[in-house]
Amino acid sequence: MPPLEPPPAHASCTGIVLAAGAGTRFGKPKALAAGGAWLRGAVTALRDGGCAPVIVLLGATGPDPATVALPPGTEWRWVADWATGLSATVREGLRAAAEADTRYVAFLPVDVPDIGAEVVARVLGAAAASESGLARAVFLDTPGHPVVIENKHWKAVSAVVGGDAGAGSYLGGRQDMVCVTCGDLATGTDRDFPEDDAR
Numbered sequence: 064m065p066p067l068e069p070p071p072a073h074a075s076c077t078g079i080v081l082a083a084g085a086g087t088r089f090g091k092p093k094a095l096a097a098g099g100a101w102l103r104g105a106v107t108a109l110r111d112g113g114c115a116p117v118i119v120l121l122g123a124t125g126p127d128p129a130t131v132a133l134p135p136g137t138e139w140r141w142v143a144d145w146a147t148g149l150s151a152t153v154r155e156g157l158r159a160a161a162e163a164d165t166r167y168v169a170f171l172p173v174d175v176p177d178i179g180a181e182v183v184a185r186v187l188g189a190a191a192a193s194e195s196g197l198a199r200a201v202f203l204d205t206p207g208h209p210v211v212i213e214n215k216h217w218k219a220v221s222a223v224v225g226g227d228a229g230a231g232s233y234l235g236g237r238q239d240m241v242c243v244t245c246g247d248l249a250t251g252t253d254r255d256f257p258e259d260d261a262r
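Mapped onto our numbering, the consecutive letters of the sequence shown carry residue numbers 64 to 262.
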């Protein structure tokens, strides 16, 4: 496999793994799926795709990180109000990125296990090259993840997210979102049901 193209030097980016949900349809928190392999894969995809730091946001698994198989040295936060919906996790991710003082944040859910570092690097590069600083992966014309957002948008994103609606409530109305075709690298399909745990 050829080496990944490094993102531009100014493209400092916090990677956020969204892993706080209860996984109601899945039957358990997806942070625990495949013995923790999905979680480890998401951390690796962000880290190797150009994000630093990479932070896992936990919720339904409880505040003890020992309940999940975090890769050694992985940063994490517990989202105390995770049950109010995805918006709580997104806001916590934005706070973490602000504290890390990076220019971008990349959100990657834990339940898209076939997304690798190549996808992350491509989307981050597109965001860094655009005036808007907004980019997301697209798979067969379907919007997916990761989503990369420059810091000039964070306050507005945090203000409009609510309940179980994430950053899409802000991004959906933007005409300057860069859609990055990634179907040659992954399917981007999220896994929602118990039978997906064995895949």
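Every residue gets a Cβ at the ideal spot worked out from N, C-alpha and C, and that includes glycine.
Apart from the five residues on each side of it in sequence, which residues of its chain come closer than 7 Å, Cβ to Cβ, to Trp139? For this step, residue 139 is matched to residue 76 along the sequence shown. Ile118, Val119, Leu121, Pro128, Leu133, listed in sequence order.
Within 10 angstroms of the Cβ of Ala72, are there 16 or more other Cβ atoms? Answer buried if so, exposed if not. As a first step, residue 72 is located in the sequence shown; it is residue number 9 there, counting from the start. Low per-residue confidence applies at Ala72: pLDDT is 49, beneath 50, and the placement is therefore not dependable, though the value from the model is reported in the following sentence. Classification for Ala72: exposed.
At the level of alpha carbons, what is the spacing between Val241 and Asp247? Position 178 of the sequence shown holds residue 241. Position 184 of the sequence shown holds residue 247. Roughly 17 Å between the two C-alpha positions.
For the segment 78-87 against the segment 173-193, are there 3 or more C-beta pairs whose distance is under 8 Å? yes
Using the three-state DSSP reduction, which class does Thr107 fall into: helix, strand or coil? By one-based count along the sequence shown, residue 107 stands at place 44. The answer is helix: DSSP assigns Thr107 an H, G or I state.
What distance in whole Å lies between the Cβ atoms of Tyr167 and Cys76, which are believed to be in contact at a cut-off of 8 Å? Residue numbering aside, residue 76 sits at position 13 when the sequence shown is read from its first letter. Residue numbering aside, residue 167 sits at position 104 when the sequence shown is read from its first letter. Cys76 to Tyr167, Cβ: 4 Å. Contact.
Do Pro92 and Ala85 come within 8 Å of each other at the CB atom, strictly closer than that value? The residue labelled residue 85 in the question sits at position 22 within the sequence shown. The residue labelled residue 92 in the question sits at position 29 within the sequence shown. Cβ distance < 8 Å, so Ala85 and Pro92 count as in contact.
Under 8 Å: do the segment 101-114 and the segment 142-152 share three or more Cβ pairs, one atom per stretch? no
Mark Pro209 as exposed unless 16 or more other C-beta atoms lie within 10 angstroms of its C-beta, in which case mark it buried. Residue numbering aside, residue 209 sits at position 146 when the sequence shown is read from its first letter. Buried, because 16 or more other Cβ atoms sit within 10 Å of the Cβ of Pro209.
Identity of the residues DSSP links to Val243 by a beta bridge: Residue mapping note: residue 243 aligns to position 180 of the sequence shown, counting from 1. Beta-bridge pairing links Val243 to Ala200.
Enumerate in chain order the residues of its own chain whose CB-to-CB distance from Ala189 is below 7 Å, with the five nearest sequence positions on each side excluded. Along the sequence shown, read from residue 1 onward, the residue named residue 189 stands at position 126. Answer for Ala189: Ala198, Val241, Val243, listed in chain order.
Quick one: residues in its chain with C-beta nearer than 8 Å to the C-beta of Val223, no 5 flanking neighbours on either side, listed in chain order? Counted from its first residue, the sequence shown places residue 223 at position 160. For Val223, where only same-chain residues beyond five positions count, the Cβ hits under 8 Å are Ser232, Tyr233.
Is His216 a contact residue of the ligand HEM, with contact defined as CB to any heavy atom under 7 Å? The model on display carries no ligand, and the ligand HEM is accordingly not part of it.
Reference Asp227; option with closest CA among Gly113, Pro135, Leu149, Arg88: The residue you call residue 227 lines up with position 164 of the sequence shown. Among Gly113, Pro135, Leu149, Arg88, the Cα nearest to that of Asp227 belongs to Leu149.
Roughly how many angstroms separate the alpha carbons of Gly112 and Thr147, rounded to a whole number? Residue numbering aside, residue 112 sits at position 49 when the sequence shown is read from its first letter. Residue numbering aside, residue 147 sits at position 84 when the sequence shown is read from its first letter. Using only the alpha carbons, I get a separation of about 30 Å.
Which of the three DSSP states is assigned to Thr137 in this structure? Looking up residue 137 in the sequence shown gives position 74. Coil at Thr137, not helix or strand.
Just how far apart, CA to CA, sit Thr130 and Ala169? Counting from 1 along the sequence shown, the entry for residue 130 is found at position 67. Counting from 1 along the sequence shown, the entry for residue 169 is found at position 106. For Thr130 and Ala169, the distance between alpha carbons rounds to 24 Å.
Can you tell me which of the three DSSP states Thr130 falls into? On the sequence shown, residue 130 is found 67 positions in, with the first residue counted as 1. Reduced to three states, the DSSP call for Thr130 is helix.
Going by DSSP, name the residue or residues bridged to Cys76. In the sequence shown, counting from the first residue as 1, residue 76 sits at position 13. Tyr167.
Tell me whether Leu109 is buried or exposed, calling it buried when 16 or more other Cβ atoms sit within 10 Å of its Cβ. The sequence position of residue 109 within the sequence shown is 46, counting from 1. With 16 or more other Cβ atoms within 10 Å, it is buried.
Given a cut-off of 8 Å, decide if His216 and Gly196 are closer than it, judged by their beta-carbon atoms. Within the sequence shown, the letter at position 133 stands for residue 196. Within the sequence shown, the letter at position 153 stands for residue 216. Their beta carbons are under 8 Å apart, which means Gly196 touches His216 by this criterion.
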